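Below: the structure, in structure tokens.
Residue numbers (this note's numbering): 122 to 205.
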């Protein structure tokens, strides 16, 4: 499917974005549109903030545990709270 946009500023911005990101012109446009769509869709989420936060917590909790060490073990603290 083809998309033809005849707008000098749009062309300039798309090319600048592609150059800055190292993406192809098409990829830069697709990513920009995807990100804007996500932001717009998020604005339409009319749930109360606490419900949105709870949903984030549920999604986070569903992720697998990749490292079963305690937080202190990961950070390198001993039983006295000092770096080991």
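For every residue, glycine included, the Cβ atom is placed at its ideal position computed from N, Cα and C.
In this text the structure is predicted, and so the values were computed from the model without any measurement.
7 Å Cβ cutoff met for residue 135 and residue 146: yes
Buried or exposed (CB count within 10 angstroms, at least 16 for buried), residue 183: exposed
Residue 163, buried or exposed, once every other Cβ within 10 Å from all chains shown has been counted against 16: exposed
Residue(s) in a DSSP beta bridge with residue 204: 198
Inter-residue spacing [alpha-carbon to alpha-carbon] between residue 176 and residue 169: Answer to the nearest angstrom: the Cα atoms are 11 Å apart.
Nearest-angstrom Cα separation, counted from residue 151 out to residue 143: 14 Å
Through-space distance from residue 149 to residue 139, alpha-carbon basis: If I take the Cα positions, the gap works out to 5 Å.
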